[in-house]
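Let me begin by presenting the structure, written as structure tokens, before commenting on it.
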Amino acid sequence: MDGEAAAEFAEMGLAVSIPTEDTDIEAMEIMASNRDSMKAFLAVATQWRVAAGLAGLIWIGLDYNAVDVVLRRMSFSDPVFSDLQVMEASALAILNGGGV
């Protein structure tokens with residue numbers, strides 16, 4: 001991000017942090033036993049419930065009605081939903097700024 005863009009964000013009252021370290025994403029291997037759960041998590045990535053307030057976005061969680069449709073349409077087994085809930089809880093901690 002250039003200085004002009006940073007200034008525009010500052011005018012809107014938004015704090016933008018730019019990582020100074022190398023941000024290259026390293027590939028990681030997903031265990032075969034977790035493959036379906038990971039595919040499901042990526043498939044429902046657009047189904048997050050978010051509330052906007054003066055302090056910014058608050059990530060509430062996945063929309064379970066929409067998640068159910070995705071899981072059924074893609075023929076995932078029932079245990080995948082439990083795995084999604086574990087990943088959702090970890091993601092919420094990060095998305096809401098609390099870390100893991």
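Going by the working numbering, the sequence shown opens with residue 1, and the numbers climb by one from there.
For every residue, glycine included, the Cβ atom is placed at its ideal position computed from N, Cα and C.
Remember, predicted model here, so these are calculated numbers, not experimental data.
- Between Gly61 and Glu88 the beta-carbon gap is near 6 Å, inside 8 Å, which marks them as a contact.
- For the pair Ser37 and Asp78, the CB atoms are not nearer than the 7 Å cut-off.
- Taking C-beta separations shorter than 6 Å and ignoring five residues to either side along the sequence, the partners of Gln47 in its chain run Leu62, Asp63, Ala66, Val67, following chain order.
- Phe41 and Ala52 have their C-alpha atoms some 23 Å from each other.
- Selection Phe9, Ala45, Met31 evaluated against Leu95 yields Ala45 as nearest (Cα-Cα).
- The C-beta distance from Ala43 to Val70 rounds to 5 Å, short enough to meet the 8 Å contact threshold.
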